[in-house]
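Novice: Residue numbers (the UniProt record's numbering): 879 to 1127.
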Amino acid sequence: TQLEIDLREAVRAGGLALAFQPIMNAAAGTVSGFEALMRWPHPRRGMVPPSEFIPIAEETGLILPLGDWALREACRAAASWPDEMRVSVNVSGVQFQRPGLEQSVVGALSAAGLPAERLELEITESVLMQDSEAAVSTLLRIRSLGVRIALDDFGTGYSSLSYLRRFPFDKIKIDRSFIVEIDDPETAAIVKAIVGLGERSGAAITAEGVETSAQFEGVRQAGCTEVQGYLFSPPLPAEQAVAFVNRQK
Ligand code: G
Ligand code: G
Ligand code: MN
Ligand code: NA
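#1: For Glu1077, which of Glu1064, Glu1059 and Leu1042 has the nearest alpha-carbon?
#2: If I follow the unbroken alpha helix (DSSP H) through Gln899, where does it start and stop?
#3: Would you check if the distance between the CB atom of Val1025 and the CB atom of Ala994 is smaller than 8 Å?
#4: The alpha helix (DSSP H) that contains Pro927, what's its start and end?
#5: According to DSSP, what are the bridge partners of Trp959?
#6: Is it the case that the CB of Glu913 approaches a heavy atom of ligand 3 more closely than 7 Å?
#7: In chain order, which alpha helix (DSSP H) runs of at least 4 residues are fully inside the segment 988–1065?
#8: In whole angstroms, what separates the C-alpha of Ser1040 from that of Ile1083?
#9: Within the structure, which residues are defined as neighbours of ligand 2 by a Cβ-heavy atom distance below 7 Å, reported in chain order?
#10: Leaving out five residues on either side along the sequence, give the residues of the same chain with a beta carbon under 6 Å from the beta carbon of Ala1119.
#11: Write down the C-beta distance between Glu1104 and Asn903 rounded to the nearest angstrom, noting that I regard them as a contact closer than 8 Å.
What follows is the structure, encoded as structure tokens:
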């Protein structure tokens, strides 16, 4: 398709960008890091959303060079932030199916001079579903470098709880479909239960998609330690991310 041709050209020519959304410490109100999110300003169509181009990138294998680029670019940006701030990078299942993800991670960290502890990879359950033995061993090797591993979109899959036993996640990100309903006592009870599970395994819990102060209060009461969402900030261009940090001080 034309979009595929355009994406190939954009990858080659460096036509994509990363946006950075702040992740806040729920108690302190400080920035604990940023999630890197790909943006594609298309020369004719305007901004193409990731929900359109990521699936194309995954089907065509373009996600491999694109994923490498995102890791490098994210680490490079993070190297200019205050020492305590992490960068979180989304990683597709396809990137786990090919050898070399560990090499890409090591390469991105060393090119940026970023300590491994300041990088976090966000994966979804689908990564562990495909070929779980190989994916788990790749994840463990990357984690042994000091890189943190977060389980993204938690609660949207089919057998979420079993994955928590299969891998020692450093963080669980609760999907925003729970957050929009946090005023419902049953949903709040589920979120509290997830927080309890996370605490027992030593994982931090992030609430995604927090849009209102009532939701913020609800997830804080449920015990979420980190929050992310439009209430705090949309994803920002790299320069504005640095300005956001300075404004919080
Ligand atoms: O950025 P939004 O704001 O629209 O992102 C939508 C989805 O696109 C995210 O939830 C994530 O799953 C995916 N996405 C965004 N950036 C990346 C990326 O760098 N790599 C991968 N694999 N997925 C991404
Ligand atoms: O990787 P993941 O699927 O978690 O991507 C996060 C997605 O959520 C991105 O598309 C991002 O732009 C979007 N997002 C971030 N904050 C909010 C929010 O408060 N509300 C909504 N509706 N979407 C958000
Ligand atoms: Mn994510
Ligand atoms: Na998510």
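The beta-carbon is built from N, C-alpha and C at its ideal position, and this holds for glycine as well.
Specialist: To lay it out plainly:
#1: The candidate whose alpha carbon is nearest that of Glu1077 is Leu1042.
#2: Per DSSP, Gln899 lies in no alpha helix (DSSP H); the unbroken beta strand (DSSP E) holding it starts and ends at Ala895 to Asn903.
#3: Yes, they are a contact pair.
#4: Following the DSSP letters along the chain, one finds Pro927 in no alpha helix (DSSP H), marked with neither H nor E.
#5: Bridge partners of Trp959: none, in fact.
#6: Yes, Cβ of Glu913 sits closer than 7 Å to a heavy atom of ligand 3.
#7: At a cut-off of 4 residues, the continuous stretches assigned as alpha helix (DSSP H) that sit fully inside the segment 988–1065 are 1003–1008, 1010–1022, 1038–1044 and 1054–1057.
#8: Using only the alpha carbons, I get a separation of about 17 Å.
#9: Listed by position in the chain, the residues whose beta carbon lies within less than 7 Å of some heavy atom of ligand 2 are Gln899, Glu913, Leu915, Pro928, Asn968, Glu1000, Asp1030, Asp1031, Lys1051, Arg1054, Glu1086, Gly1087, Val1088, Glu1089, Gln1106, Gly1107, Tyr1108, Leu1109, Pro1112 and Pro1113.
#10: Excluding residues within five positions, the ones whose Cβ falls inside 6 Å are Phe898 and Phe912.
#11: In this structure Glu1104 is in contact with Asn903, their Cβ atoms being roughly 6 Å apart against a cut-off of 8 Å.
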